[in-house]
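Peer 1: Taking our numbering, I'd label the letters of the sequence shown as residues 29 to 144.
Quick one: the structure is below, and I'll ask about it shortly.
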Amino acid sequence: QVQLVESGGGAVQAGASLRLSCAASGTFTNYAWFRQAPGKEREFVAAINWSGTSTNYADSVKGRFTISRDNAKNTVYLQMNSLKPEDTAVYYCAARRVPIGPYNYWGQGTQVTVSS
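Right under this line is the structure:
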């Protein structure tokens, strides 16, 4: 059974940093992070390809968040710096086994709360 397990969330003050991890039970070509704030729709945060040579980010997190992966550990990370209260959300890891297409596999989410 495929599993994606996120960790690293928590409650911090504005300006702090957190690193989220997503451990996968299998091999995936592409990973992404999404987030969903209370009362809002889920939104894209960042994505990375198999080799890690291609990444993209939502405009709201560019320059503050960095996505990376360790294929030997089947793990993807999201380093979040200079956190803002508007980053408060449940963060979800997503994955797929083809270079293009929808993300078929999702984790259960990890809560990030940023206070001002």
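Even glycine gets a Cβ: it sits at the ideal position worked out from N, Cα and C.
1) Which same chain residues end up closer than 7 angstroms to tyrosine 131 when comparing Cβ atoms and leaving out the 5 residues on each side of it in sequence?
2) Out of Arg63, Thr103, Lys101, Thr55, state which residue places its alpha-carbon closest to the alpha-carbon of valine 89.
3) Hey, how far is the Cα of phenylalanine 56 from the Cα of threonine 116?
4) Taking only runs of the alpha helix (DSSP H) that begin and end inside the region 29-106, which ones reach a length of at least 4 residues, in chain order?
5) Near glycine 80, which residues of its chain fall below 6 angstroms by C-beta distance, leaving aside the five closest residues on each side in sequence?
Peer 2: With the structure as the only source:
1) Ala60, Ala122, Ala123, Arg124
2) Arg63
3) 27 angstroms
4) none
5) Arg97
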